[in-house]
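To start, the structure under review is shown below, and the notes come after it.
2 protein chains.
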Amino acid sequence: MPGLSKKQETLIRSLSGRHGRRGSDLCLCEGLRCCSEALLLRPDLVELLVLREDFEGILPQLDAETVRLPAQHFNSLCETITSQGVFALLKKPEPPAPESPMQDSFAFVLDCVSDPGNFGTILRTARAAGLKEVWYAKGSTDPYAEKTIRSASSSQFALGLRRYESLAELAVQLRTLGVERFFRTTPSGGRPLYGEAQLFDHSAIIMGGEAFGAGTMESAIDVSIPMPGGAESLNVAQASTIILFEHVRRNQKL
Amino acid sequence: MPGLSKKQETLIRSLSGRHGRRGSDLCLCEGLRCCSEALLLRPDLVELLVLREDFEGILPQLDAETVRLPAQHFNSLCETITSQGVFALLKKPEPPAPESPMQDSFAFVLDCVSDPGNFGTILRTARAAGLKEVWYAKGSTDPYAEKTIRSASSSQFALGLRRYESLAELAVQLRTLGVERFFRTTPSGGRPLYGEAQLFDHSAIIMGGEAFGAGTMESAIDVSIPMPGGAESLNVAQASTIILFEHVRRNQKL
Chain A
44 MPGLSKKQET LIRSLSGRHG RRGSDLCLCE GLRCCSEALL LRPDLVELLV LREDFEGILP
104 QLDAETVRLP AQHFNSLCET ITSQGVFALL KKPEPPAPES PMQDSFAFVL DCVSDPGNFG
164 TILRTARAAG LKEVWYAKGS TDPYAEKTIR SASSSQFALG LRRYESLAEL AVQLRTLGVE
224 RFFRTTPSGG RPLYGEAQLF DHSAIIMGGE AFGAGTMESA IDVSIPMPGG AESLNVAQAS
284 TIILFEHVRR NQKL
Chain B
44 MPGLSKKQET LIRSLSGRHG RRGSDLCLCE GLRCCSEALL LRPDLVELLV LREDFEGILP
104 QLDAETVRLP AQHFNSLCET ITSQGVFALL KKPEPPAPES PMQDSFAFVL DCVSDPGNFG
164 TILRTARAAG LKEVWYAKGS TDPYAEKTIR SASSSQFALG LRRYESLAEL AVQLRTLGVE
224 RFFRTTPSGG RPLYGEAQLF DHSAIIMGGE AFGAGTMESA IDVSIPMPGG AESLNVAQAS
284 TIILFEHVRR NQKL
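Line by line, the protein sequences are chains A and B.
One gets our numbering by counting positions in the first sequence from 1 and adding 43 to each.
One gets our numbering by counting positions in the second sequence from 1 and adding 43 to each.
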């Protein structure tokens, strides 16, 4: 089995930095669990699989090019110490075409969610909740950064991610696709979430980022998650989870 | 304003390590937000406040000893680069007495939740959901480690944390206090969460850790969160959030 070409080595190193990643249509996925999931979901996107010489984990069968590297060389390419001896280089999935119909009964929108751990956790939870797409505006973190992929357990490869230059532009697109009402989450002062009968019906729900919350939007309805404990706010990943599983709950046949 | 005594310096450094923390009744709290919250909630527990010389943030008024340190010295004592120039040394809150009555309508139990970020996020969410106590068994992470306090935004100081040597011992105590049914969360195969009418009624709900899930327990009822998206599992912090806010939802007057 041959080693890495010089070109591959340079490519992998550049993808660890923000600049290299932004200009590229490739991304890195580290660790046994994340790689297994990505390989199962989108084997067609895998460009290269890199194993440490002592790697003995079990991965889905794959046609892609595979290289094995001495431990020291492998570790110098990895961001985490928990890579478990495997990482993969994948093409980023194609985003859905802007004019393509929505795949869910509502649009779940992230505005300025800048923490990769939060963004990734939200993607993982959205997938578990059965969503097919997540919408986001510029100002959010890169969904294909290694850390985001790790937090999402590779759910990036199961979801359509729709990115827009601004919340305003995103709203225009959603209206075109039939969205009739916009709900904007706020930590307090909005209408209580649980009483909103039309929350998931031809609607968009906008989650705000860690620092400043969701951007303002004309004619949006502010909704809040009741917090009897009087804490200041919930982490955006926790707030997203509550809303996504309120949707699941309403669709259960009890 | 004097600097740190040699004894204080040694103490602070030892609290950053697991061993020093375990043997101590003190803990460290870093950053403006966490310190503000801790100072507001439990001013009586604050032993010492340490500021970087350029610190200009606003903190609640406090009687405790305060020292200002040159930046280099201050930074050498801090775990994170985001400490924002302030940390506090606090006594850990006294846990509720084992025989003291439960403060909530159900006991929320963490079994082997070993990731400080998850444990802290769960505490923060439990507080927002209005719980007064969280129960946990040995094998979970230290609730008073710096990272756990940071993830919890200091909710440790608003909650009673009840620790037991094992899940079995914890269950015996809960039965003594009137708990009649135990629910054990599993990623799949349990009874659907949303259909359990008595989920929060003289009950205990046991959340399992990241690696192996909740320990087995005789006569416990397995419950699962429905996941229409077919993902393998949810992060334990997300699963906890769903359950805690299902409780909030059921208590809402709509």
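Positions of the beta carbon are idealized from the N, C-alpha and C atoms, including for glycine.
When the Cα atoms are used, what is the spatial distance from residue i to residue j?
i	j	result
Thr-184(B)	Ile-192(B)	11 Å
Ala-171(A)	Leu-202(A)	11 Å
Ser-157(B)	Ser-209(B)	15 Å
Glu-176(B)	Gln-216(A)	46 Å
Arg-167(A)	Gly-66(B)	38 Å
Gly-105(A)	Leu-82(A)	Reading off the sequence, residue 105(A) comes out as Leu, not Gly. Going from the Cα of Leu-105(A) to the Cα of Leu-82(A) covers about 8 Å.
Glu-52(A)	Leu-236(B)	48 Å
Leu-153(B)	Ala-180(B)	7 Å
Ser-59(B)	Glu-73(B)	11 Å
Cys-155(A)	Phe-162(A)	10 Å
Tyr-207(A)	Leu-213(A)	6 Å
Ser-119(B)	Arg-95(B)	11 Å
Ala-211(A)	Gly-63(B)	52 Å
Phe-243(A)	Thr-109(B)	51 Å
Lys-296(A)	Ser-196(B)	37 Å
Gly-305(A)	Gly-182(A)	The displayed coordinates of chain A run from 44 to 297. Any statement about residue 305(A) would go beyond what the structure contains.
Arg-61(A)	Ala-282(A)	28 Å
Phe-98(A)	Lys-49(A)	22 Å
Val-222(B)	Pro-141(A)	53 Å
Glu-298(B)	Glu-289(A)	It is not possible to answer for residue 298(B), since the shown part of chain B is limited to 44 through 297.
Glu-253(B)	Glu-253(A)	25 Å
Pull up the DSSP beta-bridge partners for residue i, would you.
i	result
Ala-247(B)	Ala-150(B), Phe-225(B)
Tyr-207(B)	Ala-180(B)
Asp-265(A)	Arg-227(A)
Phe-130(B)	Glu-73(B), Val-93(B)
Leu-112(B)	Arg-95(B)
Gly-252(A)	Gly-256(A)
Pro-235(A)	Ser-267(A)
Relative to the C-alpha of residue i, which residue among the options is closest?
i	options	result
Ser-276(B)	Arg-65(A), Glu-80(A), Thr-53(A), Leu-47(A)	Glu-80(A)
Ser-246(A)	Ser-262(A), Gly-258(A), Ser-231(A), Leu-102(A)	Ser-262(A)
Val-291(A)	Asn-278(A), Arg-218(A), Asp-147(A)	Asp-147(A)
Gly-46(A)	Leu-69(A), Ser-283(A), Arg-111(A), Lys-181(A)	Arg-111(A)
Ile-249(B)	Ser-198(B), Leu-287(B), Lys-50(B), Pro-271(B)	Leu-287(B)
Gln-127(A)	Val-93(A), Leu-105(A), Cys-155(A), Thr-109(A)	Val-93(A)
Phe-151(A)	Trp-178(A), Pro-136(A), Pro-159(A)	Trp-178(A)
Glu-90(B)	Cys-78(B), Ala-114(B), Phe-98(B), Ile-101(B)	Cys-78(B)
His-116(B)	Phe-130(B), Lys-190(B), Glu-108(B)	Phe-130(B)
Cys-121(A)	Ser-283(A), Gly-233(A), Ser-57(A), Lys-50(A)	Ser-57(A)
Ala-240(B)	Leu-88(B), Ser-231(B), Gly-273(B), Arg-224(B)	Arg-224(B)
Arg-238(B)	Asn-294(A), Ser-48(A), Ala-188(A), Pro-138(A)	Note on residue identity: the sequence assigns Gly, not Arg, to residue 238(B). Checking every option, the nearest Cα to that of Gly-238(B) belongs to Asn-294(A).
Met-260(A)	Arg-227(A), Glu-289(A), Ala-274(A), Leu-88(A)	Arg-227(A)
Pro-269(A)	Ala-107(A), Pro-136(A), Ser-231(A), Asn-278(A)	Ser-231(A)
Arg-218(A)	Lys-296(A), Glu-253(A), Leu-88(A), Phe-149(A)	Phe-149(A)
Lys-134(A)	Glu-142(A), Ala-140(A), Ala-107(A)	Ala-107(A)
Gly-272(A)	Gly-173(B), Leu-102(B), Pro-86(B)	Gly-173(B)
Glu-137(B)	Leu-102(B), Pro-103(B), Phe-98(B), Leu-88(B)	Leu-88(B)
Ala-274(A)	Pro-141(B), Leu-84(B), Leu-102(B)	Leu-84(B)
Between residue i and the rest of its own chain, which residues show a CB-CB distance below 6 Å, the 5 nearest in sequence each way excluded?
i	result
Thr-164(B)	Ser-194, Ala-280
Pro-186(A)	Gln-199, Leu-204
Pro-113(B)	Glu-96
Thr-284(A)	Thr-168
Lys-190(A)	Pro-159
Ala-188(B)	Pro-159
Asn-278(A)	none
Note down, in chain order, each residue of its chain lying with its Cβ closer than 7 Å to the Cβ of residue i, except the 5 sequence neighbours on either side.
i	result
Leu-220(A)	Pro-144, Met-145
Leu-132(B)	Ile-55, Leu-69, Leu-71, Glu-90, Leu-91
Leu-75(A)	Gly-100, Gln-127, Val-129
Pro-139(A)	Glu-176, Gly-203, Arg-205
Here's a check: name, in chain order, each residue in its chain whose Cβ is nearer than 8 Å to the Cβ of residue i, leaving out the five neighbours to either side.
i	result
Thr-229(B)	Gly-251, Gly-256, Ala-257, Asp-265, Val-266, Ser-267
Arg-234(A)	Ile-264, Asp-265, Val-266, Ser-267
Pro-103(B)	Ser-79, Leu-82, Leu-83, Pro-86
In chain order, which alpha helix (DSSP H) runs of at least 4 residues are fully inside the region 53-93 of chain B? 61-65, 75-84
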